[in-house]
Amino acid sequence: MTNVEELIEELSYLERKVLLTLQDIKTATPEMILKEGKFKELVEVMNASSWLRSKNLVTIQEKPIRKYTLAKKKWATKNLPERRALKLLRKRHGELTLDELKNSGKVTENEVPIAIGWMKKKGWATLERDEGTTVIKITDKGKDSVSTVGKDEELVRKLGDGELTERDVDPVVIKMLKSRKDVVKEKEIIRREIGLTDLGREALSIGVELKEEVAQLTPELLSSGKWKDVHFRRYDVGTFAPSLYGGKKHPLNQYIEKIRKVFAEMGFTEITGNFVELAFWDFDALFQPQDHPARDMQDTFYTVDPDTFQLPPEELVNRIKEMHESGGDIGSDGWGYDWDMDEARQAILRTHTTVNSIRYLSEHPDPPVKTFTIGRIFRRETITWKHLPEFQQVEGIVMEENANLGMLIGILKEFYRKMGFEKVRVRPAFFPYTEPSMEIEVYFKGEWMELGGSGIFRPEVTEPFGVKHPVLAWGLGLERLVMVNEGIDDIRDIYVSDIDWLRNSKLPRL
Amino acid sequence: MPNISLDYHDLIDLIGKEIPLEELIEKVPMMGASIEGVEGDEIEIEFFPNRPDLYSVEGVARALRGFFGIETGLKTYPVEESDVVLEVDRSVENVRPFIVAGIVKNVEMTDYLVKSLMDVQEKLHATLGRKRAKVSIGVHDFDKVVPPYTYKAVDPKSVRFVPLAKTEMMDMEEILQKHEKGIDYAFILEELDMYPLIVDKNDDVISFPPIINGVLTTVTEWTRNLFLDVTGTDLAGCDTALNIIATALAERGAKLESVEVKYHDKTLTTPDFSPTVKELKADYANDWIGISESAEQIAKHLERMRYGVEIKGDALEVQIPAYRNDVLHPVDLTEDMAIAFGYENIEDNFPKELTFGSLLPLNDFCAKLTDLMVGYGYQEVSTLTLSSIQEQVGTEEEDITKVRNPITVDHTCVRATIIPSLLYVLRANKHHELPQRIFEVGDVVKKGKNARKLAGISCHAKASFTEMKSVVESILRDVGLDNEIKTKKDARFLSGRCATAVKDGKEIGVFGELHPELITHYELANPTAAFELDVLTLFQE
């Protein structure tokens, strides 16, 4: 198919009808097309014409045009004042005083000067003064004009039949009428003229067919085979269609699923644990001294029911106690204070997922260990746009013979690369139970951004559990990852979500 | 973590070598700190809580001189002996047992020094000092008092003096009630009958630690010689604090003199800057980091971190400065070595041992339940598990894990049911288009143990028992269960429009039309139906 044939093929019923109408009458106003083409409404012509214009098949010329009507309806039936005066003058044999005209009843008082002025202008009469009286005398031209109609009067009569455009009137005559008050009214309108373009003519010469148009394909059309003979109405694809809002997964959980997958790909085992934990596991086992501010009632949630838990076997508890007090027998100084068993018994809401990792290590002290955990943790923070008392932590650990800081950096680079961050760097940091500790930064949208912490568990942490090899660990806050990627700037939006936000959330590119 | 603000020019003067601001901004993070902001000449830096020696500009300059290789190794500070004696009375043993002290002479009270001294004191109080409870520091005009001094515990009513920043005499009880510092720190002396006090030879009050100094020893711009006292409950902490402040002042050219602190069983001469010594094996340090530096190279790195080092074959004898309290184990020296080596210079590598990944089947199952619910047209939400006790209708109070120290009345427990969390979301969205159908797969806690639940809720003009029954029965069908449905009583639901599914004689959840009282409590204006099912039961075939 040629381009033009394709173009014809895509034409709608109404477009075809406009084209075919124009084939007969060439250039026309929409009104004419409406009439000639037997359209139902002008809007059909206008819409089809503008579609045709966008396809370069017709032109629509728009020009301003002046239209005229009578300023007052009476002029349709009533003569102009000078005509009425002339008739009276003729009746009075060519002479009339001004007073006689005024009192004749043929012209109103206001019309007297108009009648005299125009009779003089048209050369129908002259004025003469005779002993203080003004006398109107008919001229020869006046006599001749009694039985003829002036061009201006003719136009007034025509206007009495309906409005006229500037094309229908003599510009001199209309100018004359316009110079008078209250006879004609002029207004400007836009006149559209629709005409075929060369392409339009070409299309018509190839042949434009008018077929019956069908809006909806029906089972009846299908079964009868009638669908072969009908033309399916072409739709405006830009027309509004309602949005679909079914269910959707929460963005946070989509990230959780992705992270689980990444860890599994890297050979990690998923582990889990309870929200309510022993201070022993959450703090003491991680060599956090008992007077550390993080353990304050200010910073950690303590619980009732349960208030306390039973501690692990005494032997293990004693090893932890010794580690805190004197550093055990591994060349550490310990913290040098009296470790209190009652503090360790306290039940708390876990403050990090590291508690899962250390519990797992205590049961699996032999290499290799690669585990991860994603879960809620609790910190005693007031709710703000930046902080919640509860959020999600992601943590991974690796323990094997000869594990080292370089290995941790290698793992981090791979992990973050799989999360979509190509560039990763580390710098010194401090966390209470790792040594060295590293801040993780990723390159995101043109700048370096902190996205996690990492380090190697201190020997004071691992030794009491018989773990003889370095334990590499890293973690990150899940909400921060979701927020930077999804452009959320208030953490509360994740947990007390606006339902419209959820309904309109886009699929994370994970 | 403590932020300290440094003046660039002051810092450069103390370093003694011009280092461009840009270079500082680039290198300081590699030393273990983060630049929080730079405004004109003011640099705001966050240092880590394990390094109180970096809470002063003088300490930072000392570390930077080492890091930049301008001056390396252990810094020594001469301390001259004075004849000043501080007697420690045994009455303080059960009150605030420890005190150390020092004298600083020829101090030039510049604006920089005054600011730095106040800053470091404040930061040490907040961190190392645990809000002054563990360690607190007093700085005095040495020339205003007469040695020997006495540190003792006294009856709070027995001593009256004018505290710093006041003009009237008060007894110690009054100070705790009226003085701003007294009010702030009274908690430390709670439950004590006797309060600590430092007086001079004439019984003039030097200090009422850890609350306030006497007005007598007020430090002014004309002060030339300082007396420092550090009291507390931990002697090592007191020593560290004194050493940090004394060395900072010495960095500005002041001369240090010691004080004889006489306890009933020992005499300490403080400040005492003798370094502690730890052995670091080169192999250990190399293996931990994953590099292979020679003992000599490791020694160089440590010297840049201001340690003194002696190489003894394959081991290094490391002298740790007296202002550091964070080196407990050779691993701490290893970290400092790595920092000097540069983390960016460490070659990365991968684990050598093969492991197979595995995911928790229950979590995988939850992801599948989520798919089901989304298929039914339910929107997933994620809500906080902290909730309020009043909202846990349907759970026995003793089964609910309560928070002993809640922040708000909304978060007095960990939820035992998800339904209130969902109602909370509906309330927050009450002005949005209906119907709203949301669900969550999440944890609840009962008797201190986590359990996984699936809960959903539907709110619209025609929400009904039947709608929930359809959802619940569809879930049961889709997980492969075919259970008996029985009427259930649950105060949250309309009586007679509440049911449960039963598996092996055990109820696996609840569903039905919520009670109007509950609906209106959450400010909802439409019928609301809900369900909650136990995920583990659904999971087990």
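Line by line, the protein sequences are chains A and B.
When we follow the numbering used here, the leftmost residue of the first sequence carries the number 416, and every step to the right adds one.
When we follow the numbering used here, the leftmost residue of the second sequence carries the number 50, and every step to the right adds one.
Every residue, glycine too, gets a C-beta built ideally from N, C-alpha and C.
- For Y126 of chain B, the three-state secondary structure derived from DSSP is coil.
- With the criterion set as a beta carbon lying under 8 Å from some beta carbon of chain A, the members of the region 390–407 of chain B are Y392, E393, I395, E396, D397, N398, F399, P400, K401, E402, L403, T404, F405, G406, S407, in sequence order.
- Contacts with chain B at 8 Å (Cβ-Cβ) do not include D755 of chain A.
- In this structure, T512 of chain A lies away from T541 of chain A, with their beta-carbon atoms at least 8 Å apart.
- In the three-state reduction of the DSSP assignment, N262 of chain B falls in the strand class.
- The beta carbons of L429 of chain A and E451 of chain A sit no closer together than 8 Å.
- Put simply, of B:K311, B:V169, B:H58 the residue whose alpha carbon is nearest the alpha carbon of I294 of chain B is B:V169.
- Under the three-state reduction of DSSP, L764 of chain A is assigned to strand.
- Listed by position along chain B, the residues whose Cβ is nearer than 8 Å to that of Y717 of chain A are V452, R453, N454.
- In the three-state reduction of the DSSP assignment, A82 of chain B falls in the strand class.
- Under the DSSP assignment, V882 of chain A falls outside any alpha helix (DSSP H); it carries neither an H nor an E label.
- If you check the CB distance, V203 of chain B and Y312 of chain B do not come in under 8 Å.
- Membership of M853 of chain A in any alpha helix (DSSP H) is not indicated; the residue belongs instead to the beta strand (DSSP E) covering 849–859.
- Taking a cut-off of 8 Å for Cβ pairs, the region 837–856 of chain A and the region 864–874 of chain A touch, as three or more such pairs fall below it.
- By the rule that beta-carbons nearer than 8 Å mark a contact, R209 of chain B does not touch chain A.
- A residue is called buried when at least 16 other Cβ atoms come within 10 angstroms of its Cβ; V380 of chain B meets this threshold and is buried.
- Within the same chain, and ignoring the five residues on either side of E510 of chain A in sequence, the residues whose Cβ sits closer than 8 Å to its Cβ are L504, V550, I551, K552, I553.
- A:W490 is the residue among A:W490, A:E624, A:K626 whose C-alpha sits nearest the C-alpha of G577 of chain A.
- Bridge partners of F806 of chain A according to DSSP: A:I792.
- Against chain B, a Cβ distance below 9 Å from H739 of chain A picks out nothing, because the smallest value is about 11 Å.
- Boundaries around S165 of chain B are those of the alpha helix (DSSP H), 160–175, since no beta strand (DSSP E) includes it.
- Put simply, the CB of V458 of chain B is far from chain A, with every gap to its CB atoms at 8 Å or more.
- Rounded to the nearest angstrom, the gap between the Cα atoms of N335 of chain B and V886 of chain A is 16 Å.
- Secondary structure in the region 215–249 of chain B: the alpha helix (DSSP H) runs of 4 residues or longer, each lying completely within the stretch, are 221–227, 229–234 in chain order.
- For the pair P324 of chain B and T121 of chain B, the Cα-to-Cα distance works out to about 15 Å.
- Nearest to I467 of chain B by alpha-carbon distance, out of B:L530, B:R453, B:E429, is B:E429.
- The alpha-carbon separation between G742 of chain A and V490 of chain B amounts to approximately 44 Å.
- Between R481 of chain A and the set A:N471, A:R498, A:K590, the nearest pair of CA atoms involves A:K590.
- Going by C-alpha positions, L103 of chain B is about 27 Å away from I360 of chain B.
- The residues V460, in chain order, have a CB closer than 6 Å to that of F454 of chain A in the same chain once the five nearest residues on each side in sequence are set aside.
- Residue state for E425 of chain A is assigned as coil, using DSSP reduced to three classes.
- About 7 Å separates the beta carbons of E342 of chain B and F390 of chain B, which is inside the 8 Å limit, making them a contact pair.
- Non-local beta-carbon contacts of A364 of chain B in its own chain, meaning distances under 6 Å to residues more than five positions away in sequence, involve E328, K330 in chain order.
- For L457 of chain A, the closest of A:P445, A:S427, A:R468, A:A630 by C-alpha to C-alpha distance is A:P445.
- Of the residues A:I609, A:S464, A:A679, A:I671, the one whose Cα lies closest to the Cα of R895 of chain A is A:I671.
- The beta carbon of F690 of chain A sits closer than 8 Å to some beta carbon of chain B.
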